[in-house]
Amino acid sequence: MSVHVPYFEEKFQYLFRRHPAIKTYSDLAEAVGVSPALVAGWKNGTVTTRERHIPIRHVGTVCEHMMVSEDVLQLASLADFKAQAGVLPGANPFDA
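Take the sequence shown: its position 36, counting from 1, is numbered 70 in this note's numbering, and each next residue is one higher.
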């Protein structure tokens, strides 16, 4: 199983520009603990993986490192993604 990421390239380029340390797919691969070739397969597809899909077993770690929720990463609208990408999941500490 995998999670489809519409506008995969655009979303990750946006996240890379905003992230303090992860600036490339190679950086992402290192942070997640997988090979750069595996991440390239998520983006481009392979014989065994679909293009623009992240395997379920890695999507949580990718989202954690990129500081974006899975729901936001899966949004079909690029504009909605950009509007919500900076909002981390969880309770707002100022709501207490």
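Backbone N, C-alpha and C fix where the C-beta goes; we use that ideal spot for every residue, glycine too.
Being a predicted model, the structure only gives us computed values, none of them experimental.
{"Asked": "Cβ contact check for the segment 57-69 and the segment 93-112: 3 or more pairs under 8 Å", "Found": "yes"}
{"Asked": "Three or more C-beta pairs below 8 Å linking the segment 102-111 and the segment 68-87", "Found": "no"}
{"Asked": "Cβ-based neighbour list, residue 79, same chain, cut-off 6 Å, excluding 5 preceding and 5 following", "Found": "85"}
{"Asked": "Length at least 4, wholly inside the segment 38-108: the alpha helix (DSSP H) runs in chain order", "Found": "42-52, 59-66, 70-78, 90-100 and 104-107"}
{"Asked": "Proximal residues to residue 120 (C-beta, below 8 Å), its chain only, five neighbours per side dropped", "Found": "52"}
{"Asked": "Host alpha helix (DSSP H) of residue 119 (start-end)", "Found": "Taken as a continuous stretch (DSSP letters only), residue 119 belongs to no alpha helix (DSSP H), as it is neither H nor E."}
{"Asked": "Beta-ladder partner(s) of residue 36, from DSSP", "Found": "89"}
{"Asked": "Cβ neighbour criterion (16 or more within 10 Å) applied to residue 112", "Found": "exposed"}
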